[in-house]
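Asker:
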Amino acid sequence: MVFLQREFVAAVCMSALTALFAANVSGLSEDAGLLPRLLLYFMVGVNILQYALALYRRGGPNLLDMLKGYPFSLVFKLFVITLVYIATLLILGFYVGSFIYLFVGSLVANPDPLNGRIVALRALGCALFVGGMWLLFSWGLGVLIPLGSLWT
327 MVFLQREFVA AVCMSALTAL FAANVSGLSE DAGLLPRLLL YFMVGVNILQ
377 YALALYRRGG PNLLDMLKGY PFSLVFKLFV ITLVYIATLL ILGFYVGSFI
427 YLFVGSLVAN PDPLNGRIVA LRALGCALFV GGMWLLFSWG LGVLIPLGSL
477 WT
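Under the numbering used here, the residue at position 23 of the sequence shown is numbered 349, and the numbers go up by one with no gaps.
1. From L390 to R384, what does the alpha carbon distance come to, in whole angstroms?
2. With contact counted as at least three CB pairs below 8 Å, one residue from each stretch, are the segment 426-445 and the segment 400-407 in contact?
3. Can you tell which of R332, Y377, T414 has the C-alpha that lies nearest to the C-alpha of S341?
4. When you compare only the Cα positions, how much space is there between N441 and P397?
5. Quick check on the burial criterion: 16 or more other C-beta atoms within 10 angstroms. Buried or exposed for S355?
6. What are the uninterrupted segments assigned as beta strand (DSSP E) that are 3 or more residues long and contained completely in the segment 410-471, given in chain order?
7. Just curious, the alpha helix (DSSP H) that E333 is in, first and last residue?
8. Grouping DSSP H, G and I as helix and E and B as strand, with all else coil, what is P397?
9. Distance check for P439 and G423, CA to CA, integer angstroms please.
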């Protein structure tokens, strides 16, 4: 059935995004709307090609069959971790909250059983990444990032 094909579902989603984009472009003036209108025409062209691809690949993989082995529980866990990160961001601050978010998220998403080496490497990698963000924002760009109400 063509309505359950991956390409067709992607084309329908692209149509919805294009319609939302078009609704916001319509209120722009002629000069301000030139580039968004060109982008809109490009989006319409790509969307037409997506529908053509869906028709060309009528016997392609069924989306429901592809979703049978999808790790919905892992996606739900990572979604909950993201919600907790957002909820605690003002309290913990950007750097501490981001370190904890990256560290816990990478451990939850790890497909292999956890051992001390993996945990230590993840902690080091997350610390280096957050340290790099601190260097970029504080030293490179001169942006003051709030530390959070817990630390002040």
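Just so you know, even glycine gets a beta-carbon here, dropped at the ideal spot from N, CA and C.
Answerer: In brief:
1. In the sequence shown, residue 390 corresponds to position 64, counting from 1. In the sequence shown, residue 384 corresponds to position 58, counting from 1. Going from the Cα of L390 to the Cα of R384 covers about 15 Å.
2. yes
3. The residue given as residue 341 occupies position 15 in the sequence shown. Comparing Cα positions, the closest option is Y377.
4. Against the sequence shown, residue 441 aligns to sequence position 115. Against the sequence shown, residue 397 aligns to sequence position 71. Their Cα atoms are separated by approximately 22 Å.
5. As a first step, residue 355 is located in the sequence shown; it is residue number 29 there, counting from the start. Exposed, by the Cβ-count rule.
6. none
7. The residue you call residue 333 lines up with position 7 of the sequence shown. E333 -> alpha helix (DSSP H) spans 332-351.
8. Within the sequence shown, numbered from 1, the residue matching residue 397 stands at position 71. DSSP places P397 in coil when its eight states are reduced to three.
9. Here residue 423 refers to the residue found at position 97 when the sequence shown is read from its first residue. Here residue 439 refers to the residue found at position 113 when the sequence shown is read from its first residue. Whole-angstrom Cα-Cα distance: 25 Å.
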